[in-house]
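Note sheet for the following structure.
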Amino acid sequence: MADVNRGNRPLSPFMIGPYYRPQWTSMLSIVHRITGCALALGAVLIVWWLLAAASGPDYFASADWVVTSWLGQLVLFGCLWALLYHFCNGIRHLIWDTGLLLEVDKAELAGKMTVVASVVLTLLVWII
Amino acid sequence: MSYKTDFGRVLGLGSAKQGTGHFWSQRVTAVALIPILIFAIWPLDAAVGLSYEEVRAIYASPFNAIMLILLIAVGFRHMQLGLQVVIEDYVSNPAVRTAALLANTMFCALFGLTGVFAVAKIAFAG
Numbered sequence: 001m002a003d004v005n006r007g008n009r010p011l012s013p014f015m016i017g018p019y020y021r022p023q024w025t026s027m028l029s030i031v032h033r034i035t036g037c038a039l040a041l042g043a044v045l046i047v048w049w050l051l052a053a054a055s056g057p058d059y060f061a062s063a064d065w066v067v068t069s070w071l072g073q074l075v076l077f078g079c080l081w082a083l084l085y086h087f088c089n090g091i092r093h094l095i096w097d098t099g100l101l102l103e104v105d106k107a108e109l110a111g112k113m114t115v116v117a118s119v120v121l122t123l124l125v126w127i128i
Numbered sequence: 001m002s003y004k005t006d007f008g009r010v011l012g013l014g015s016a017k018q019g020t021g022h023f024w025s026q027r028v029t030a031v032a033l034i035p036i037l038i039f040a041i042w043p044l045d046a047a048v049g050l051s052y053e054e055v056r057a058i059y060a061s062p063f064n065a066i067m068l069i070l071l072i073a074v075g076f077r078h079m080q081l082g083l084q085v086v087i088e089d090y091v092s093n094p095a096v097r098t099a100a101l102l103a104n105t106m107f108c109a110l111f112g113l114t115g116v117f118a119v120a121k122i123a124f125a126g
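Structure follows, in structure tokens:
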């Protein structure tokens, strides 16, 4: 019964902008998804570098050149922040799954803490 | 007219042939990745940019190698589940969607297994 109209149902409109002003919660949710997708590319880069390290010195030299170039370092720094943001915000999601922090003010505060924590942790890991 | 109840669909008998399996797998991998990432990030962050011999020495250590293998294996599974949701949300054409979902599964398996193999090869050699 539920899928009689499959494929021909109305789609919900894109809410942010015309109907909703941007909120911390919705923006951070979108950033969670974007960082997740970006990490897929970062993961492939790291796997390629590991494969080079497993293959031999010549292959490793080219992979090492890429990851130590200024562009490679910029990408890796971005990936590190994306990873740690996704990590912190993922923990926020897991807390929500238990039914906690769902009130708007608490969800927003936890979101702001997530952003601060991700930046602090990124700098910490990058420098150490 | 379907005689299936909502409860029957939730039990895994609906059109998707699964109930909360995807949701639960996403959470299990997410929880597992918390300690894995905490242990795997430090040697990986240290290793990137080091020389060939130094990188291989880091992953000759069983602990470092096991943590990175876990990060790759669980991480790529988590990634496959996450990208699947993104594809299901944005790709509405059924043929393109099915092709994208298949490609997602296969690429995650390919790169995940390649990564595990690479770390294992370094660890066994060292």
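Protein chains in written order, with full-length UniProt numbering: chain A, 1 to 128; chain B, 1 to 126.
Ideal placement from N, C-alpha and C gives every residue a C-beta, glycine not left out.
Computed from a predicted model, the values in this text were never measured in an experiment.
Taking the Cα of Phe14/A as reference, the smallest distance to any Cα among Asp89/B, Arg97/B and Ala99/B is reached at Asp89/B. Comparing alpha-carbon positions, the option among Ala118/B, Leu71/B, His78/B and Tyr59/B lying closest to Gly21/B turns out to be His78/B.
Ranked by Cα distance from Leu83/A, the first of Ile69/B, Thr114/B, Tyr59/B and Leu44/B is Leu44/B. In this structure, Ile122/B and Ala54/A form a Cβ contact; the two beta carbons are roughly 5 Å apart against a cut-off of 8 Å. Nearest to Gly49/B by C-alpha distance, out of Ala61/A, Gly56/A and Gly111/A, is Ala61/A. Taking a C-beta distance under 8 Å as the contact criterion, Val125/A and Ile41/B qualify as a contact pair.
For the stretch 27-39 of chain A, residues whose beta-carbon sits nearer than 8 Å to a beta-carbon of chain B comprise Arg33, Gly36, Cys37 and Leu39. Distance between Ala109/B and Gly115/B, taken at the CA atoms: about 10 Å. When Cβ pairs closer than 8 Å are counted between the two stretches, the stretch 106-122 of chain A is seen to touch the stretch 69-89 of chain A, the count reaching three or more. With 16 or more other Cβ atoms from the protein chains shown falling within 10 Å of its own Cβ, Thr35/A counts as buried.
Per DSSP, Tyr85/A is one residue of the alpha helix (DSSP H) stretching across Trp70 to Asp97. Note that the C-beta distance between Trp49/A and Val67/A is below 8 Å. The beta carbons of Ala120/B and Ile69/B sit about 7 Å from each other, so the pair counts as a contact at 8 Å. For Leu70/B, no chain A residue has a Cβ inside 9 Å of its Cβ, as the nearest lies near 14 Å away.
Taking all protein chains shown into account, Gly17/A has fewer than 16 neighbouring C-beta atoms within 10 Å of its C-beta and is therefore exposed. Neighbours of Gly90/A in chain B, taken as residues at a C-beta separation under 7 Å, are given in chain order as Ala30.
Apart from sequence neighbours up to five positions away, the residues of its chain that approach Ala60/B with a beta-carbon distance below 8 Å are Ile122, Ala123, Ala125 and Gly126, ordered along the chain. Per DSSP, the continuous alpha helix (DSSP H) segment holding Asn64/B begins and ends at Pro62 to Tyr90. For Asn64/B, the closest alpha carbon among the candidates Ile38/B, Ser92/B and Gly82/B is that of Ile38/B. Residue nearest to Ile128/A within the set Ala95/B, Ala118/B and Ala46/B is Ala46/B (criterion: CA-CA distance). Not a single C-beta of chain A is nearer than 8 Å to the C-beta of Thr20/B. The beta-carbon separation of Ala117/A and Thr25/A, rounded to 17 Å, does not stay under the 8 Å limit for a contact. Our two residues, Ala43/A and Arg21/A, have alpha carbons roughly 34 Å apart in a direct line.
Nearest in C-alpha terms to Val86/B, of all of Gly75/B, Asn104/B and Ala95/B, is Asn104/B. When the Cα atoms are used, Gly111/A and Asn89/A turn out to be separated by approximately 7 Å.
The DSSP-derived three-state label of Ile16/A is strand. Within chain A, the residues Val125 have their CB atoms less than 7 Å from the CB of Ile41/B, given in chain order.
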